[in-house]
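Protein chains in written order, with my numbering: chain A, 1 to 413; chain B, 414 to 774.
Please read the structure below before turning to the comments.
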Amino acid sequence: MLFSLLKESFLRQKKAAALMVLSVAMGTALTASLISVSLDIKGKVSKELRAFGANIAVEPKVEGLADLAGQKRHLRQEDIYKVKTVFWRHNIVGIAPFLDEQAVLVSGAKKLNVTAVGTWFQKELPLPGEAGTFKAGVETVSPWWYVEGAPPEGASLVIGASLADELGLKPGAALFLDEKPFTVSGTLSTGGPEDDRVFLDLAGLQELKGLRGKVSRVLVSAVTTPMDEFAYKDPSSMSKREYEKWYCTGYVTSIAKQVEEVFEGGRAKPIWQIAQTEGRVLERMSLLIYLLSASALIASALGVSTTMVASLLRRLDEIGLMKSIGADSLQISLIFLFEALIIGSAGGLSGWLISLGAAKFIGQAVFGAELTRRALLFPVSLLSALLIATGGSFMPIRRALRVKPVIVLRGGR
Amino acid sequence: MTGRKWFYHVLTSALRQRKGRVAVAVLSVGIASTVVVSAVGLSSGIRRLLGGELKAYGANMIVSKKGGHIDAAMLDALKGIAGIEEFSPQLYSPVSLNGLPVGPDGQVEMIGMTGAHSLNVSGRFPGEGEVLIGADLRAGLGLKTGDSVKLGGSVMTVSGFVETGGPEDKAVILPLPSAQRLTGLEGKISAVLIRGRPGTLDETAKVIASVMPDADVKTLRQVAGAEESFLRKIELLLALVTVVVVGASAISVSSTMSATVLERLREIGLMKALGGTKKGIGRFYLMEAVIIGAGGGTAGFLTGFVSAQAVSKGAFGSYISMPVYLVPVSIVTGLVIAVAASALPLRAALIEKPSVVLRGE
């Protein structure tokens with residue numbers, strides 16, 4: 001009996017039923033896509049923020065006056081790969097070593113002292129015990145370094161733009177560095193101090209200066225958890241439990257600590273300007289998206305309810321008729337409840353499908369990568385659709401059940 | 414009664430007698446414009462909101478003079494330039510610290526600046542006769558706050574320490590006037606760090622170059638490039654979220670409006686049976702939709718404004734200036750959605766024969 005009533009009801013009002021399903025589907029699609037965006041926003045934005053540069057610098061440890069005096073001290077190049085073995089290794093997205101040395105540059109009749117920097121521009125860093133290699137080099141920590149020409153290798157070098165202007169050097173030009181011949185393979189312009197330096201391949205400068213296996217500084221770019229109040233506590237004053245919690249949270253300070261542990265004689269410091277700003281931007285951006293999503297969700301729930309209310313109000317006559325031929329409240333409620341359930345499931349399912357497309361599109365268009373698909377979204381979509389559909393029918397049905405059949409059938413309200 | 418008067422009489426009583434249903438329709442339009450207004454408002458204001466946060470990444474331009482100093486008097490010229498949000502003059506000079514052999518040439522870098530800006534300072538920014546010490550120097554020399562150090566020929570008190578992870582860790586920082594006096598470079602500066610408004614840096618650099626012709630103006634790619642591309646991405650994200658929100662709300666409102674017209678098919682049949690023309694009946698229902706749309710659109714603008722401000726205040730701690738064009742946009746959106754959504758089922762109803770509709774099929 002119930003089944004045939006339901007079937008009739010849907011067949012006889014295809015339009016009204018379609019409208020309700022459409023409305024529920026749209027509400028669900030909006031909900032599910034905004035939830036996808038919200039859940040992924042922190043990870044995605046924090047990857048984007050890495051474009052502002054490295055957030056951890058490793059340098060030789062300073063422990064006494066001797067360490068500050070003129071003599072050069074170095075880190076070991078063989079320690080670099082170990083950065084990818086720390087607890088938070090998967091958060092390390094960039095590594096680049098630098099060796100800074102003074103050198104004499106001779107170009108034609110001009111002779112001057114310059115800072116020569118040895119580094120990796122691009123480097124496939126082999127990781128022992130793992131199949132693939134890790135992409136390291138300046139590209140991964142300072143994506144704004146713009147080389148016009150080719151990166152240095154062997155007997156070629158890249159020259160800072162200001163220096164190149166001053167000496168009138170172009171790619172292809174020949175010069176001497178510490179009496180060894182080099183050709184200019186490209187020019188580098190950053191707007192910073194790099195514009196007055198020359199850049200060699202790390203191995204090249206190590207050989208030139210007799211510093212095999214040594215680097216002066218390593219920059220690390222890591223995806224981090226924003227610093228909170230707990231993160232600013234001094235680790236040396238933490239209890240064992242707190243220390244463990246701190247160590248296993250991806251704060252920039254705890255990742256720096258882990259990086260420091262793998263460098264012999266090294267000290268790793270957060271680059272505060274980058275690390276702090278990043279944390280704040282991340283917090284605010286995600287809060288913005290959460291709040292925006294929450295208000296859109298409330299609005300869509302209300303919006304879907306209004307459709308359900310509007311569609312059911314027109315069936316007051318029907319309810320009056322049912323009552324007058326002897327249906328009790330329970331039976332009538334059951335019919336409408338089942339209708340709402342069917343509309344809710346159909347709307348929820350199609351809304352979920354639409355949201356898959358929307359989330360994929362947003363992820364691709366903005367971040368160039370799909371938003372993570374979450375299995376959780378399916379039950380959430382279906383459940384919220386059912387909830388809204390039954391919730392939206394509740395009020396008009398209750399009202400309909402209260403009215404007297406005579407009045408309704410007469411057309412009064 | 415004249416035709417027009419009669420029309421309005423029917424219209425007002427139709428609205429009055431169906432208060433509940435009219436309220437549902439207005440509510441639906443209002444909710445949709447609320448989300449649309451807040452989403453559009455936030456995405457148009459996001460550049461300014463986020464720009465304020467990105468400021469902390471530091472300067473995106475630097476003005477210096479190769480092998481020389483800039484006259485501090487030139488700074489006045491920078492004050493009137495529209496593209497400059499903030500600037501900070503700095504003086505760099507090597508100085509001996511406690512007469513010890515520290516730093517590559519036995520000296521450390523002294524930086525004179527006007528305030529701590531976004532430096533990570535423990536203690537406080539130095540006043541007259543005080544100095545801020547870099548973290549590496551602190552570790553190497555075992556200094557603590559309140560100690561006296563000899564900087565060049567003057568004795569100063571350590572007011573705090575600075576750790577940035579950059580070159581400042583090996584430097585000492587003084588207020589600009591003290592640094593100028595210590596080095597005998599009164600009225601001179603080495604460089605000006607400038608925070609230009611993202612997106613306008615090239616024009617701003619040209620303006621600066623025209624007022625300070627003998628200095629080099631450079632754009633710092635690290636901040637400038639990353640900032641612009643980051644802002645663009647976030648703007649795009651919000652724009653797309655807005656599109657999704659607008660699309661979903663428009664469809665949701667349309668179905669509510671359609672449902673309210675569908676409900677009244679019988680009424681329409683009756684009007685036709687009593688001799689109403691298609692045009693007259695159509696006008697009547699569209700007028701109703703206009704009233705509902707305008708009411709919902711206006712209410713939606715007000716609540717949307719409030720909700721956008723609440724979101725902005727919650728996330729960024731500051732209010733946004735909503736573009737004025739949102740007022741007409743919100744009302745027109747409400748109108749268009751309400752009218753368009755009623756028009757379709759209405760047309761279908763008007764074509765139908767009254768006898769068929771009245772029979773309830």
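Even glycine gets a Cβ: it sits at the ideal position worked out from N, Cα and C.
Pair within 9 Å by beta-carbon distance, residue i and residue j
| i | j | result |
| --- | --- | --- |
| Ser768 (chain B) | Gly682 (chain B) | yes |
| Phe338 (chain A) | Leu6 (chain A) | yes |
| Met20 (chain A) | Ser668 (chain B) | yes |
| Ala25 (chain A) | Gly320 (chain A) | no |
| Glu701 (chain B) | Leu428 (chain B) | yes |
| Gly363 (chain A) | Leu353 (chain A) | no |
| Ile35 (chain A) | Val309 (chain A) | no |
| Tyr505 (chain B) | Ala604 (chain B) | yes |
| Leu75 (chain A) | Val215 (chain A) | yes |
| Thr190 (chain A) | Leu633 (chain B) | yes |
| Ile750 (chain B) | Thr306 (chain A) | no |
| Leu491 (chain B) | Val515 (chain B) | no |
| Pro60 (chain A) | Gly204 (chain A) | no |
| Leu188 (chain A) | Ala57 (chain A) | no |
| Leu748 (chain B) | Gly717 (chain B) | no |
| Val571 (chain B) | Leu589 (chain B) | no |
| Leu349 (chain A) | Leu382 (chain A) | yes |
| Glu415 (chain A) | Phe367 (chain A) | Absent from the structure is residue 415 (chain A), since the part of chain A shown begins at 1 and ends at 413. |
Reduced DSSP category for residue i - H, G, I as helix; E, B as strand; rest coil
| i | result |
| --- | --- |
| Thr133 (chain A) | strand |
| Asp549 (chain B) | helix |
| Arg413 (chain A) | Only weak support is given to the placement of Arg413 (chain A): the predicted model assigns it a pLDDT of 49, under 50, and the question is left unresolved by the model. |
| Val147 (chain A) | strand |
| Ile397 (chain A) | helix |
| Ala222 (chain A) | strand |
| Gly609 (chain B) | strand |
| Ile494 (chain B) | coil |
| Leu349 (chain A) | helix |
| Asp201 (chain A) | strand |
| Thr596 (chain B) | helix |
| Lys775 (chain B) | Not covered by the structure: residue 775 (chain B). The range shown for chain B is 414 to 774. |
| Ala174 (chain A) | strand |
| Ile733 (chain B) | coil |
| Pro126 (chain A) | strand |
| Phe266 (chain A) | The residue you asked about is not Phe; residue 266 (chain A) is Gly in the sequence shown. Residue state, collapsed to three classes: strand. |
| Asp518 (chain B) | coil |
| Trp419 (chain B) | helix |
| Lys437 (chain B) | The question names Lys, yet the displayed sequence has Val at residue 437 (chain B). The answer is helix: DSSP assigns Val437 (chain B) an H, G or I state. |
| Val403 (chain A) | coil |
| Ala754 (chain B) | helix |
Element boundaries [beta strand (DSSP E), containing residue i]
| i | result |
| --- | --- |
| Lys110 (chain A) | Lys110 to Thr119 |
| Ser107 (chain A) | Ile92 to Ser107 |
| Val585 (chain B) | Ala584 to Pro588 |
| Glu59 (chain A) | Ile56 to Pro60 |
| Gly525 (chain B) | Val521 to Met526 |
| Lys180 (chain A) | Lys180 to Ser189 |
| Ser535 (chain B) | Val534 to Gly536 |
| Ser572 (chain B) | Ser567 to Val575 |
First through last residue of the alpha helix (DSSP H) which encompasses residue i
| i | result |
| --- | --- |
| Ser38 (chain A) | Lys14 to Leu49 |
| Thr277 (chain A) | Trp272 to Leu313 |
| Ile694 (chain B) | Lys691 to Phe729 |
| Ser506 (chain B) | No alpha helix (DSSP H) contains Ser506 (chain B), which is instead part of the beta strand (DSSP E) from Ile497 to Val508. |
| Lys685 (chain B) | Leu678 to Ala686 |
| Thr140 (chain A) | Val138 to Val141 |
CB contact check: residue i to chain C, cutoff 9 Å
| i | result |
| --- | --- |
| Phe52 (chain A) | The chain labelled as chain C is not found among the protein chains of the depicted structure, namely A and B. |
Members of the stretch 624-638 of chain B near chain A, C-beta cut-off 9 Å:
Within the stretch 624-638 of chain B, the residues whose Cβ lies closer than 9 Å to some Cβ of chain A are Asp629, Lys631, Thr632, Leu633, Arg634, Gln635, Val636, Ala637 and Gly638, listed in chain order.
Which residues of the stretch 461-479 of chain B have a Cβ closer than 9 Å to any Cβ of chain A? Give them in chain order.
Near chain A, meaning a CB-to-CB distance below 9 Å, the residues of the stretch 461-479 of chain B are Leu462, Leu463, Glu466, Leu467, Lys468, Ala469, Tyr470, Gly471, Asn473, Met474, Ile475 and Lys479.
Which ranges would you report for the alpha helix (DSSP H) in the stretch 625-675 of chain B if only whole runs of at least 4 residues count?
Secondary structure in the stretch 625-675 of chain B: the alpha helix (DSSP H) runs of 4 residues or longer, each lying completely within the stretch, are 634-675 in chain order.
Chain B contacts made by the stretch 341-370 of chain A, where a contact means CB separation under 8 Å
The residues in question are Ala358, Phe361, Ile362, Ala365, Val366 and Phe367.
Please name the residues in the stretch 725-752 of chain B whose beta-carbon is closer than 7 Å to at least one beta-carbon of chain A, in chain order.
Here the close residues are Gly727, Ala728 and Phe729.
By the 8 Å beta-carbon criterion, what residues does the stretch 64-92 of chain A contribute toward chain B?
Here the close residues are Gly64, Leu65, Asp67, Leu68, Ala69 and Gly70.
What residues in the stretch 289-318 of chain A have a beta carbon less than 7 Å from any beta carbon of chain B?
Within the stretch 289-318 of chain A, the residues whose Cβ lies closer than 7 Å to any Cβ of chain B are, in chain order, Leu291, Leu292, Ser295, Ala296, Ala299, Ser300, Leu302, Gly303, Val304, Thr306, Thr307, Val309, Ala310, Ser311, Leu313 and Arg314.
The stretch 385-398 of chain A: which residues have C-beta closer than 8 Å to a C-beta of chain B, in chain order?
Interface annotation for the stretch 385-398 of chain A against chain B: empty, criterion Cβ-Cβ distance under 8 Å.
Taking any Cβ of chain B, which residues in the stretch 138-155 of chain A have a Cβ under 9 Å from it, in chain order?
The stretch 138-155 of chain A vs chain B, Cβ under 9 Å: Ser142, Pro143, Trp144, Trp145 and Tyr146.
Name the residues in the stretch 610-622 of chain B whose C-beta lies less than 8 Å from a C-beta of chain A; which are they?
Residues of the stretch 610-622 of chain B that bring their beta carbon within less than 8 Å of a beta carbon in chain A are absent altogether.
Closer than 8 Å, Cβ to any Cβ of chain B: which residues of the stretch 254-272 of chain A, in chain order?
When CB distances to chain B are screened at a threshold of 8 Å, the residues of the stretch 254-272 of chain A falling below it are Lys269, Pro270, Ile271 and Trp272, in chain order.
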